[in-house]
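In the UniProt record's numbering, the protein residues as written are 1 to 358.
See below:
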């Protein structure tokens, strides 16, 4: 590859990345400087995530779990969960892998194999699921299972398919101060190929994947927000299949919404709480990034939330403390998105919502 080819590759990369910025000027997106700056930052975060997973850790022969999507490291995508450690490793359905590690004490640990089509149609289809309860743990707290197309003769198994592109994992905490995260590693079982130099043609395709991911992801969640805007200050069931197609966990019931409040208004959310392993409520900006939960009270879960005497839950979203319920700060925002998750619940109640003056 000559200098001119390299310049052309770079120019094409920049041009395609520029196309992703069209999300910023969508007529539905807020155009004030604050929200637009958050939008530019969001695109840069998407670029970081895409380059890590499509270039640096992209080889299915040398898989490694990354934590590129980390709400505490300021990488936030598609209604990210502040309680989660998100793990991701690129794999291929053609090969077999062993996932192993120490279980820790984190309450929820799940794995899923996915066919990533975010850069094509905004979907990430499940090709296999394995939950912590189905993974044996020995007396030393260690676990191991196989990920492959064909079921192994014994032990836990995560199914792969011909079009599987990655394995994702979720560790969901309730109290990070006292719970120990799992340590997880992945290795190729089949014979590894010999190291090879950077392939210019393959690298060009990786660059295409990077820009396609940034553009496709930004468009996907912009479309979600615009859908939620049709029913402001509500938390309805939009249909769970819709969210599962984007890579959702099948054990989670997702209740998304859009909020739009004046400085003297509060969004009051009241709901029954089902019998479930875990729940949380998270406030997000227009771009569907969780708000600054490390510095402000912008989310709660079943560990921090206070129930009413009758066992119901009252959440109050507002710019200032209303003096009742579980207050969630709007974090300097006037509008945005929100998500209530019920995990492994015996049923899925939908909240009632209203806007009041405070």
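Built from N, CA and C at the ideal position, the CB exists for glycine as well.
At which residues does the beta strand (DSSP E) containing residue 217 begin and terminate? Careful: residue 217 lies outside any beta strand (DSSP E), inside the alpha helix (DSSP H) at 200 to 228.
Ignore the nearest five residues each way along the sequence and tell me which others in residue 255's own chain have a CB closer than 6 Å to its CB. 235, 340
From the DSSP output, in three-state form, read off residue 14 for me. helix
Can you list the beta strand (DSSP E) stretches of 3 or more residues lying completely in the stretch 259 to 286, in chain order? 265 to 271, 278 to 284
My output table needs one value for residue 158: the three-state DSSP class, helix, strand or coil. strand
In the structure shown, what three-state DSSP assignment does residue 9 receive? helix
DSSP on residue 117, reduced to helix/strand/coil? strand
Among the residues of its own chain, which have a CB less than 6 Å from the CB of residue 275, if the five just before and after it don't count? 346
Opening and closing residue of the alpha helix (DSSP H) in which residue 315 lies: Here residue 315 belongs to no alpha helix (DSSP H); instead the beta strand (DSSP E) covers 313 to 318.
Contact check, residue 108 vs residue 343, beta carbons under 8 Å: yes
Nearest-angstrom Cα distance between residue 47 and residue 41? 10 Å
Nearest candidate by alpha-carbon position, reference residue 338, set 299, 26, 185: 299
For residue 42, the first and last residue of its enclosing beta strand (DSSP E): Segment 33 to 51 is the alpha helix (DSSP H) holding residue 42; no beta strand (DSSP E) there.
Could you tell me whether the Cβ atoms of residue 330 and residue 318 are closer together than 8 Å? yes
Considering only the beta carbon of each residue, do residue 92 and residue 60 sit closer than 8 Å? yes
Where do the N-terminal and C-terminal ends of the alpha helix (DSSP H) with residue 240 fall, by residue? 240 to 244
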